[in-house]
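So the structure is just underneath, and the comments pick up after that.
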Ligand code: AMP
C-alpha cells in the first residue's frame, strides 16, 4: 500500500499515519520528523532546514523531495508506506508522482484529515513531547503522568504565532494539491475531530 495523509498542522496526521503504518505493516515516513532528526544531528541538511522550520515556513522543495525520495528507495519501503507531511505543495506532488510512476508504484490512496483552525491552534499550543520516548501529550486533552511532566518539551514551532503561519502555509501551498489528486480519483476526506481511535476507524472504513 502506498498512502498519503494530508491535513493542517495538528490535524492528527502524524498520529494516524503511525497507526495505519503499524496496522498495515508498512513504513511511516514523516518529512517533518526526518528534518527534525537532521537538525538534531547538526548535518548540512539540518542546518539548511532549521531556520525555515523555526519560522513555520516550508523548507525548499529540493531538500524535502530529496530527503523523502531517499527514504522511499530503501528496501524497508518495498511493502509500502504512509507519507506524512509530504507532499506539501504542487511541485512536491508532481515530483513524487513522476518518481513513483517511473517505478510503476503510484500513490493509491490520499486521505485529507479535516480540522477547523480554532481546534488546530488549541491542539498545537498545548502539545508537549516527552524527549525520552517521543510520546506526545496535551496539557488539557491528554495530560502526561505527573512523574514525567517536568521533562516534557514544546516543539520550537508549536507556538501560537508560528501555528498561524503554518496554517497559512497549509492553505496557500498544500491545499491546492487536493485538486491535483482529485483528478486521479484517489482522494478521501475524513473528519479529524474526536479521539485518535475514532479518527482511525473512520480512516480504516475508507481504506481499500
Ligand atoms: P511537520 O512535522 O510535518 O509539521 O513539519 C515540521 C516542519 O518541517 C514544517 O513546518 C516545515 O518547516 C518542515 N517540513 C516538513 N515537511 C516538509 C515538506 N514536505 N516540505 C517543506 N517543508 C517541510
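Residue numbers (our numbering): -3 to 204.
Beta carbons are placed, not taken as given, at the ideal position from N, Cα and C, and that holds for glycine.
Residue 26 and residue 81 do touch by the CB rule: their CB atoms are close to 5 angstroms apart, below 8 angstroms. Taking C-beta atoms as the reference points, residue 159 and residue 52 count as a pair closer than 9 angstroms. At a Cβ-Cβ threshold of 9 angstroms, residue 84 and residue 54 count as neighbours. If you compare the alpha carbons of 202, 195, 143 and 69 with that of residue 14, the shortest gap goes to 195. For residue 12, the uninterrupted alpha helix (DSSP H) run begins and ends at 9 to 20, by DSSP.
Going by DSSP, residue 186 is part of the beta strand (DSSP E) stretching over 183 to 187. Per the C-alpha coordinates, the member of 16, 77, 56 and 122 positioned closest to residue 101 is 77.
Distance from the CA of residue 143 to the CA of residue 118, rounded to the nearest whole angstrom, comes to 24 angstroms. Residue 47 carries a helical assignment under DSSP once its states are collapsed to helix, strand and coil. Counting only runs of 4+ residues, the alpha helix (DSSP H) found wholly inside the stretch 126 to 192 occupies 156 to 165 and 172 to 178, in chain order. The stretch 91 to 100 makes contact with the stretch 60 to 74; the number of CB pairs closer than 8 angstroms reaches 3 or more. For residue 88, the secondary structure class from DSSP, reduced to helix, strand or coil, is helix.
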